[in-house]
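> Just so we're aligned: 181 in UniProt numbering is position 181 of the sequence shown, and the numbers increase by one with no gaps anywhere.
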Amino acid sequence: MKTFKCTCEDQQILFFESNHCVACNRTVGLDDWFDKVEPYDLDETTGHYYKADKPEVHFQKCDNNAKYQVCNGMVNLNTYDGDEGDEVLCAGCQFNETIPDLTVVEHIPLWKKMETAKRRAIYTLKAFSLPVRNLSEDPKNGLSFSFTTDRDVTDHFASRLEDKEPVLTGHSFGHITINLAEANEVARSHTKLAMGERYRTLLGHFRHELGHYYFDQLIFGSPEKHELCKHYFGDDQLSYQDALDRHYKEGAPANWSENFISQYATMHAYEDWAETWAHYMHIMDTLETAKNFSITGSTSSNSVETEDVDDLSLPQDAYFFSGQTSITTILETWIDFSVILNSLNRSMGLNDAYPFILTKPVRAKLSFIHHAIHNRLHEMPEYPEMVE
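Dropping the structure here:
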């Protein structure tokens with residue numbers, strides 16, 4: 001995630017989650033374009049906000065921003081006809097179908113974590129120019145979210161709540177449900193240990209479930225793309241329930257790391273796709289962050305040249321989004337940078353930030369994701385191998 005700057009005299013750095021400038025104390029936030037955190041001035045006469053370069057366009061804080069401080073969204077009050085609209089939710093919050101029970105005050109800070117992860121995930125999707133539409137914009141194929149729980153927040157979600165249906169994190173026809181317990185560090189760590197997972201984050205959940213959504217959007221509707229996908233990820237028409245039962249009974253194969261990014265990816269072709277999609281998004285977002293702070297670098301003399309790194313750095317770069325940057329270059333840069341990333345964590349006494357191995361089959365799957373996003377699957381070979 002890149003950083004932004006306020007327009008004040010100090011040119012104060014702004015982060016993606018910032019809601020005010022610490023130097024000039026102006027309100028800052030995201031508007032409907034969802035691509036930049038920027039400052040807003042308050043018109044004390046009307047109570048509306050405006051940007052200095054367009055004072056005629058009026059904004060107000062998203063209701064969830066003003067009432068609960070769970071987002072930093074700003075709502076454009078001007079319609080295309082010049083009148084003032086009646087929308088009270090920002091572009092990010094308009095994706096929500098169900099929010100947590102706010103009569104339980106302990107849910108609110110966890111909801112804020114949900115919103116932070118969701119917005120980061122959506123920002124990257126928009127940076128890739130992928131279709132990101134809510135149900136109002138696209139009732140048939142739009143995206144929506146539910147954040148709720150079936151457990152008691154006061155004991156870190158250990159106890160079941162009476163009269164609550166089980167809440168399972170997952171995706172169904174564009175609707176993504178994430179259990180609020182995933183935003184609780186204790187509950188998520190307990191699940192991570194119980195499941196024997198190497199990596200479990202809230203942002204990872206969003207990216208994984210969004211991977212299922214974009215499989216439907218990018219692959220499923222095209223017989224040709226779907227058939228090619230099977231060569232890389234396996235036959236997704238095999239029984240999902242049988243695969244699920246087998247996975248939790250027998251676990252992953254002993255040699256799983258030779259062909260899969262994670263143990264869960266071995267369960268079914270759908271999960272292999274979603275896990276690989278999530279890792280592609282992790283890689284690209286982290287490389288963007290590294291480039292923003294000018295810390296992408298090499299650890300060996302065989303690494304790519306500096307100009308190649310410049311080409312892949314920022315998702316805002318039109319050349320990058322055209323798909324012209326080689327996935328091979330991206331992954332070679334990532335492998336070099338992940339060594340730096342893990343070494344920094346070790347210096348702080350932390351576990352590796354990226355404890356995964358990108359084998360040749362995994363790199364081939366990441367290549368497929370890359371080409372699917374850029375609509376260049378016609379360039380992929382029929383059988384898995386790395387491509388330029």
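For every residue, glycine included, the Cβ atom is placed at its ideal position computed from N, Cα and C.
Note that this is a predicted model, so its numbers are computed, not measured.
Once you ignore the five residues that flank Glu382 on each side, which residues in its own chain have a CB closer than 8 angstroms to its CB?
As a first step, residue 382 must be located in the sequence shown, where it is residue number 382. Same-chain partners within the cutoff: Leu228, His231.
> Quick check on the DSSP output: the beta strand (DSSP E) that includes Ile178 runs from which residue to which?
In the sequence shown, residue 178 corresponds to position 178, counting from 1. Run containing Ile178: 175-179, per the beta strand (DSSP E) assignment.
> Since Asp41 sits in a beta bridge, which residues does DSSP pair it with?
Here residue 41 is taken as the residue at index 41 of the sequence shown, counted from 1. Tyr50.
> Along the chain, where does the beta strand (DSSP E) that runs through Tyr167 open and close?
Counted from its first residue, the sequence shown places residue 167 at position 167. As written in the sequence, residue 167 is Val, which differs from the Tyr given in the question. Counting along the chain, Val167 falls outside any beta strand (DSSP E), and DSSP gives it neither H nor E.
> Assuming Leu210 and Ala121 form a contact by the criterion Cβ under 8 angstroms, report the distance between their Cβ atoms to the nearest whole angstrom.
For the purposes of this step, residue 210 is identified with residue 210 of the sequence shown, where counting begins at 1. For the purposes of this step, residue 121 is identified with residue 121 of the sequence shown, where counting begins at 1. Correct: roughly 6 angstroms between the Cβ atoms.
> Locate the beta strand (DSSP E) running through Thr191, then write down its first and last residues.
By 1-based counting over the sequence shown, the position of residue 191 is 191. Segment 185-195 is the alpha helix (DSSP H) holding Thr191; no beta strand (DSSP E) there.
> Can you grab the Cα-Cα spacing for the pair Leu350 / Leu77, in whole Å?
The sequence position of residue 350 within the sequence shown is 350, counting from 1. The sequence position of residue 77 within the sequence shown is 77, counting from 1. So the two alpha carbons sit approximately 46 angstroms from each other.
> Nearest to Asp272 by CA position, among Ile283, Tyr280, Phe260, is which residue?
Here residue 272 refers to the residue found at position 272 of the sequence shown. Closest option to Asp272, Cα to Cα, is Phe260.
> Which term fits Ala254, buried or exposed, when burial requires 16 or more other beta carbons within 10 angstroms of its beta carbon?
Mapped onto the sequence shown, residue 254 falls at position 254. By the 10 Å Cβ count, Ala254 comes out exposed.
> What does the alpha-carbon distance come out to for the pair Val339 and Pro139?
For the purposes of this step, residue 339 is taken as the residue at position 339 of the sequence shown. For the purposes of this step, residue 139 is taken as the residue at position 139 of the sequence shown. Going by the C-alpha atoms only, they are around 44 angstroms apart.
> Please list the segments of the beta strand (DSSP E) lying wholly inside the region 193-230, counting only runs of 3 or more residues, in order along the chain.
none
> May I ask you to list the residues that DSSP assigns as paired with Phe59?
Start at 1 with the first residue of the sequence shown, and residue 59 comes out as number 59. Beta-bridge pairing links Phe59 to Tyr49, Asn76.
> In the structure shown, what three-state DSSP assignment does Thr156 receive?
Reading the sequence shown from its first residue, position 156 is the one you call residue 156. Just to set this straight, residue 156 is His in the shown sequence, not Thr. It is coil, neither helix nor strand.
> Which two residues bound the contiguous alpha helix (DSSP H) that contains Leu98?
Locating residue 98 in the sequence shown gives position 98, where the first residue counts as 1. Residue identity differs from the one stated: residue 98 is Thr in this sequence, not Leu. Counting along the chain, Thr98 falls outside any alpha helix (DSSP H), though it belongs to the beta strand (DSSP E) covering 96-98.
> From Ile137 to Asp86, what does the alpha carbon distance come to, in whole angstroms?
Mapped onto the sequence shown, residue 137 falls at position 137. Mapped onto the sequence shown, residue 86 falls at position 86. Here residue 137 is Glu; the residue named in the question, Ile, does not match the sequence. The alpha-carbon atoms of Glu137 and Asp86 are separated by roughly 16 angstroms.
> Could you please give me the residues that DSSP links to Ile13 through a beta bridge?
Position 13 of the sequence shown, counted from the start, is the residue given in the question as residue 13. Paired residue(s): Lys5.
> Could you give the distance in angstroms between the alpha-carbon of Asn21 and the alpha-carbon of Gly170?
Walking along the sequence shown from the start, residue 21 turns up at place 21. Walking along the sequence shown from the start, residue 170 turns up at place 170. It should be pointed out that residue 21 corresponds to Cys in this sequence rather than to Asn. Answer to the nearest angstrom: the Cα atoms are 36 angstroms apart.
> Whose C-beta lies closer than 6 angstroms to the C-beta of Leu125 among residues of the same chain, with five residues either side of it excluded?
The count along the sequence shown starts at 1 and reaches residue 125 at position 125. The residues are Val132.
> What does His247 pair with, by DSSP beta-bridge criteria?
Translated into positions along the sequence shown, residue 247 becomes position 247. Paired residue(s): none; His247 is not in a bridge.
> Our contact map puts Leu30 next to Met1 with C-beta atoms below 8 angstroms; I'd like the distance itself, whole angstroms only.
Within the sequence shown, numbered from 1, the residue matching residue 30 stands at position 30. Within the sequence shown, numbered from 1, the residue matching residue 1 stands at position 1. Their Cβ separation, rounded to whole angstroms, is 12 angstroms, which puts Leu30 and Met1 out of contact at 8 angstroms.
> Just tell me which of His48, Tyr214, Lys118, Asn184 has its CA closest to the CA of His156.
The count along the sequence shown starts at 1 and reaches residue 156 at position 156. Considering only alpha carbons, the answer is Asn184.
> Check this for me: beta carbons of Leu341 and Leu358, under 8 angstroms apart or not?
If you number the sequence shown from 1, residue 341 lands on position 341. If you number the sequence shown from 1, residue 358 lands on position 358. It is not a contact, given that the beta carbons lie outside the stated cut-off.
> Using DSSP bridges, identify the partner residues of Lys151.
Looking up residue 151 in the sequence shown gives position 151. With the sequence shown as reference, residue 151 is identified as Arg, and Lys is not the correct amino acid for it. Looking at the DSSP assignment, Arg151 forms a beta bridge with Arg160.
> Specify, as a first and last residue, the run of the beta strand (DSSP E) that residue 472 falls within.
Residue coverage of the chain in this structure runs from 1 to 388, which leaves residue 472 outside it and unanswerable.
> Candidates Leu244, Ser257, Phe293: which alpha carbon is nearest Tyr270's?
Sequence index remark: in the sequence shown, residue 270 carries index 270 (1-based). Cα-wise, what sits closest to Tyr270 is Leu244.
> What is the rounded straight-line gap between the Cα of Met348 and the Cα of Tyr354?
Position 348 of the sequence shown holds residue 348. Position 354 of the sequence shown holds residue 354. One C-alpha to the other measures close to 15 angstroms.
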